[in-house]
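Since the structure comes first, as structure tokens, the remarks are kept for the end.
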Amino acid sequence: MSPEDLQKLVTLEMPFGKHQGTPIADLPGNYLAWFAREGFPKGEIGRLLRLMHEIDHNGLADLLTPLRQP
């Protein structure tokens, strides 16, 4: 995990699916858990979804608050 990855979580939007257009950091926990069960996509989006799942699962989402644009 790098600072750049954390910034991407709050700025990069989900590119497909039910939550298309939603910032990765704002995806619901049950959606992230579904990916954890069914498999994360390949590439950067999968890596970031995996990271967000870990953050959400461990109750650390508040760490991203300072990175959000006002």
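Just add 554 to wherever you are in the sequence shown, counting from 1, and you've got this note's numbering. We treat Cβ as the ideally placed atom computed from N, Cα and C, and that holds for glycine.
State buried or exposed for residue i, treating a residue as buried only when at least 16 other CB atoms are found within 10 Å of its CB.
i: Ala-587; result: exposed
i: Met-606; result: buried
i: Lys-596; result: exposed
i: Leu-614; result: exposed
Looking only at its own chain, which residues have a Cβ that is under 7 angstroms from the Cβ of residue i, when we skip the five neighbours before and after it?
i: Tyr-585; result: His-573
i: Val-564; result: Pro-577, Ala-579, Leu-618, Leu-621 and Arg-622
Cα separation between residue i and residue j?
i: Leu-566; j: Ala-590; result: 19 angstroms
i: Leu-602; j: Gly-571; result: 16 angstroms
i: Asp-610; j: Met-555; result: 14 angstroms
i: Pro-582; j: Lys-562; result: 17 angstroms
Could you please give me the residues that DSSP links to residue i through a beta bridge?
i: Glu-567; result: Pro-577
For the ligand SAH, is there any heavy atom lying closer than 7 angstroms to the beta carbon of residue i?
i: Lys-596; result: This structure lacks the ligand SAH; in fact it carries no ligand of any kind.
Go through its chain and collect everything with a Cβ distance to residue i's Cβ below 6 angstroms, but skip five positions before and after it.
i: Leu-575; result: It should be noted that the sequence gives Gly, not Leu, for residue 575. Excluding residues within five positions, the ones whose Cβ falls inside 6 angstroms are Glu-567.
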